[in-house]
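**Student:**
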Amino acid sequence: MTIGKLKSLKSNNKLLHYNNLFNWGELKNSPQYIKFVLMLIFYEIIYNYKMKKFKNSSLYILLFPAFFMMALIIFFPIAFTFYISFFRWSGEGFKMNFTGFQNYIDMFRDARFLNALVNNIFWVILYLIIPVIGGFILALLLNSNLKGLTVFKTIFYLPGVISFVVVGVIFRLIYDPSHGLVNEILKFLHLVFLARPWLGSRFVGLLSLIIASSWQYIGFCMILFLAGMQSLPLEVFEASEIDGANFYQKVVHIMIPLLKPVSIVVIMITLINSIRVFDLIYIMTKGGPLQATETIGFLMYEKAFRQHVYGEGAAYGIFIFLLVTIPSIIYVRNMLKTEEEY
Amino acid sequence: MALYKKILIYLLLIILAFVFLTPIYGIFTLSLKSIKELIYNYWGIPKDLMWQNFSHVWSGAVVSLRPYFINSFILTIPAVIFIIFFSLLAAYPLSKFKIKSENILLAIIIFGITIPHQVLIIPVFKMLNVVHLYNNILGLILVHIGYGIPFATFLLRNYMLQIPKELIDAAMVDGCSHYRIVFRIIFPLCKPAIAVLAILYFTWIFNEFFYALVLTSTKASMTASVAVGLMTADSSFSIYWNIQAAGALILTIPTLIIFLSFQKYFIKGIMLGSVKG
């Protein structure tokens, strides 16, 4: 079979009539058949390419791989999680028993869930205070034309590339009750009465976890705020200086209102990150002692992959999804709005 | 600015820098101590430098992290390449042409950036089980590709908006197909953004913990971050702080090298994807 022959067949547009030309029965499993089919496909592509048939449709073909993978890994799973959350399912096979809203009812009645919810709210509030305001202050310090500030920028962002696994290991050693760095320093300063097992109780434990997490996350907030500050028009500040505004007035009355778009992004990303927090808790406390530091994201893992009640795990997942939806819709709208201004 | 203000800012920054570097100092010195030294000297400067700790962790009799690091690289490199390839293809029509329901597609992409792992993990786990890709690096690669595409597409699209439309029009008048435009014109022009993405995704996927924890279970496919996480949480290592610290430090080395050599790109990438400045 030569390309020329194929070409003539193709130009007659009689692909269906190939059936009459070959004895399919013999050829179907033979290597020649596979070769032939491959040649046909190859020929189709070349032919269409040459005839510019792709030219108009190819824009959508270009979109296809990305959207297919997204659909497979993100959007289908969301729907499937939603579906599972109405069933009792042990995870083996596809034997599911429909239970309606039972999983959700169980979830809200579970004392462990309520405990985790309170912890998560605590986490969200403190996470909005420590890294966001801390990052803002760091950005303010770095937002001047002094020399050598890039070094500090690097240092403050450095923890941001470190894995939460490593952050967990470092801070578990730092918070260690007998030889941890914090307690050693307190001992050195003769403040032994303040020394305690930092991960040993509920709110102190959570606070310690949040500080460890902030150490990693603060650089990210700082970079975003700094980028926002450096894109602000200088004239406004100069004008306010002539009018006699002091530093505090400049920051509160000019800078913060102008930074609103950046602040929305930072706050929404922080909200989403604090709702789904998992890694650090798994590494540092495993939710302990006695479930004192569990969050919903962690509990979801426990339910699904430790206790193997996948239905309830899915309900937790959907709960997280609903919590995240509000900030993420604000985020999407904010992004699309800046789009139009652009 | 007045001199005392300058000094005050520098002083504050230096103090803060010390606070920020303390944990790194701690883990670095701990990893170089012997177990005997740990009895009396936890946080001080080590007396003898025990570089052997690292080789014990890397390929020792008790722990050997080497296979896990190989897994991590086998996972990370193809995942990054495919994320960038697919995103490049998708970002081109989204940025350069008026296509139907463009805003909806964009909203879908941005929404995809914000979805937490926990929402997706049960179906993903089940799907990979069904196609026998559970505990398989290939499965993990697929998951990371799907999860990573939205942010990369969004960032590349934003970057491509800067490319003048005339360039593409001219190429199309000359009879260039879209594929050729993407690979011959868009790709070279987007190289800075692609470098940014490659660096960001390398660190993210290399450090990623949750998917790797759930979707792998044995030496054949477990990644380094999970291996280090499980090793340091193991109670048999609880007094061997030096071994824990050495394992943790090894895990940071690849991302740290990349960050310190390409830090400009890092900061640019974060700004490009999140805020348009």
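If you read the sequences in order, they're chains A and B. Start counting the first sequence at -17; every next residue gets the next number (the numbering used here). Start counting the second sequence at 94; every next residue gets the next number (the numbering used here). Glycine included, each C-beta is placed from N, C-alpha and C at the ideal position.
1) What residue range does the alpha helix (DSSP H) around A:Glu223 cover?
2) Identify whether A:Arg258 lies in helix, strand or coil by the three-state DSSP scheme.
3) Run the CB neighbour count on B:Phe162, radius 10 Å, all protein chains shown included, and call it buried at 16 or more, exposed below.
4) Rounded C-beta distance between B:Gly239 and A:Ile55? I'm assuming under 8 Å.
5) Based on DSSP bridge pairs, tell me the residues matched to A:Phe287.
6) Do B:Gly268 and A:Gly150 have their beta-carbon atoms positioned less than 9 Å apart in this structure?
7) Who are the neighbours of A:Ala296 on chain B, taking C-beta pairs under 8 Å?
8) Along chain A, in chain order, which residues have C-beta atoms closer than 7 Å to that of B:Ala110?
9) With a threshold of 8 Å on Cβ separation, who are the neighbours of B:Tyr185 within its own chain once the five nearest residues in sequence on each side are excluded?
10) Can you find the residues in the same chain that come closer than 7 Å, C-beta to C-beta, to B:Leu58, ignoring five residues on each side of it along the sequence?
11) Could you tell me whether any Cβ in chain A is nearer than 9 Å to the Cβ of B:Leu114?
12) When the distance is taken between beta carbons, is A:Met317 closer than 9 Å to B:Ile242?
13) Quick one, which of A:Ile156, A:Met89 and A:Met21 has its alpha-carbon nearest B:Tyr135's?
14) Among the residues of its own chain, which have a CB less than 6 Å from the CB of B:Leu282, if the five just before and after it don't count?
15) Return the chain-ordered list of same chain residues with a C-beta closer than 7 Å to the C-beta of A:Gly295, the five sequence neighbours on each side being excluded.
16) By the criterion of Cβ-Cβ separation under 7 Å, what are the contact partners of B:Ile242 in chain A?
17) Just to make sure I have the definition right: I need the residues of chain A whose C-beta is within less than 8 Å of the C-beta of B:Gly205. Which are they?
18) Looking at A:Val106 and A:Ile263, is the spacing between their C-beta atoms short of 9 Å?
19) Count the other CB atoms within 10 Å of the CB of A:Tyr65; is the residue buried (16 or more) or exposed (fewer)?
20) Pull up the distance between the alpha-carbon of A:Thr81 and that of A:Pro179, whole angstroms please.
21) Flag B:Thr246 as yes if its beta-carbon sits less than 9 Å from any beta-carbon of chain A, otherwise no.
22) Helix, strand or coil: which one does DSSP assign to B:Asn300?
23) Residues of chain A with a CB under 9 Å from the CB of B:Gln337: which are they?
24) Where does A:Lys(-4) fall in DSSP's three states?
25) Consult DSSP for B:Phe355 and reduce its assignment to one of helix, strand or coil.
26) Residues in the same chain with beta-carbon distance under 7 Å from A:Pro271, minus the five sequence neighbours each way, listed in chain order, please.
27) When Cβ atoms are compared, which residues of the segment 178 to 203 of chain A fall closer than 9 Å to chain B?
28) Nearest to A:Leu188 by alpha carbon, out of A:Phe219, A:Ile251, A:Tyr313 and A:Asn97?
29) What's the call for B:Tyr358, buried or exposed, on a 16-neighbour Cβ count within 10 Å?
30) Leaving out five residues on either side along the sequence, give the residues of the same chain with a beta carbon under 8 Å from the beta carbon of B:Leu181.
31) Sort B:Ser331, B:Leu101, B:His210 and B:Lys129 by Cα distance to A:Gly162 and report the nearest one.
32) When the Cα atoms are used, what is the spatial distance from A:Thr277 to B:Arg159?
33) Out of A:Lys319, A:Phe303, A:Thr307 and A:Ala274, point me to the one whose CA is closest to A:Ala95's CA.
34) What's the gap between the Cα of B:Phe295 and the Cα of A:Leu171?
35) With a threshold of 16 other CB atoms inside 10 Å of the CB of A:Leu(-3), please say whether the residue is buried or exposed.
36) Which residues share a DSSP beta bridge with A:Asn79?
**Tutor:** Taking the structure as given:
1) Leu216 to Ile224 is the extent of the alpha helix (DSSP H) around A:Glu223.
2) Looking at A:Arg258 - three-state DSSP - the assignment turns out to be coil, as it is neither helix nor strand.
3) Classified as buried, B:Phe162 has 16 or more neighbouring CB atoms from the shown chains inside 10 Å of its CB.
4) With a Cβ gap of about 2 Å, B:Gly239 and A:Ile55 count as contacting.
5) Answer is none; A:Phe287 lacks a bridge partner.
6) A:Gly150 is not a Cβ neighbour of B:Gly268, given a cutoff of 9 Å.
7) Under the 8 Å cutoff, chain B gives Ile215.
8) Within chain A, the residues Phe134 and Ile137 have their CB atoms less than 7 Å from the CB of B:Ala110, given in chain order.
9) So the list reads Met253, His271, Ile274, Val275 and Ile279, once near-sequence residues are dropped.
10) There is simply no residue 58 of chain B to check, as chain B begins at 94 and stops at 370 in what is shown.
11) Yes, its Cβ sits closer than 9 Å to a Cβ of chain A.
12) In this structure, A:Met317 does not lie closer than 9 Å to B:Ile242 by Cβ.
13) Considering only alpha carbons, the answer is A:Ile156.
14) Only residues of its own chain outside the window of five on either side were considered, and among them Ile256 have a CB closer than 6 Å to the CB of B:Leu282, listed in chain order.
15) Here the set comprises Met282, Lys285 and Ala286.
16) Ala48, Met51 and Met52, listed in chain order.
17) Correct list: Met52, Ile56 and Phe57.
18) No.
19) Taking all protein chains in view, the Cβ of A:Tyr65 is surrounded by fewer than 16 other Cβ atoms within 10 Å, so the residue is classified as exposed.
20) Roughly 43 Å between the two C-alpha positions.
21) Chain A, which has a Cβ nearer than 9 Å to the Cβ of B:Thr246, makes this yes.
22) Judged by DSSP in its simplified three-state form, B:Asn300 adopts helix.
23) Simply Val151, Arg154 and Leu155.
24) Here the model assigns A:Lys(-4) a pLDDT of 46, short of 50, so the residue's position is not dependable, and the following value carries that caveat. Coil, per DSSP.
25) For B:Phe355, the secondary structure class from DSSP, reduced to helix, strand or coil, is coil.
26) Excluding positions up to five away in sequence, the list reads Gly182.
27) Listed by position along the chain: Ala194, Trp197, Ile200, Gly201 and Phe202.
28) The option with the nearest alpha carbon to A:Leu188 is A:Asn97.
29) It counts as buried.
30) The beta carbon of B:Leu181 sits closer than 8 Å to those of Leu249, Val275, Ile279, Phe280, Cys283 and Ile287, all from its chain and outside the five residues before and after it, given in chain order.
31) For the residues B:Ser331, B:Leu101, B:His210 and B:Lys129, the minimum Cα distance to A:Gly162 belongs to B:Ser331.
32) Distance between the alpha carbons of A:Thr277 and B:Arg159: 33 Å.
33) Just to set this straight, residue 95 of chain A is Phe in the shown sequence, not Ala. Measuring C-alpha to C-alpha distances from A:Phe95 to each of A:Lys319, A:Phe303, A:Thr307 and A:Ala274 identifies A:Ala274 as the nearest.
34) For B:Phe295 and A:Leu171, the distance between alpha carbons rounds to 42 Å.
35) Here the model assigns A:Leu(-3) a pLDDT of 49, short of 50, so the residue's position is not dependable, and the following value carries that caveat. It counts as exposed.
36) Paired residues: A:Arg70.
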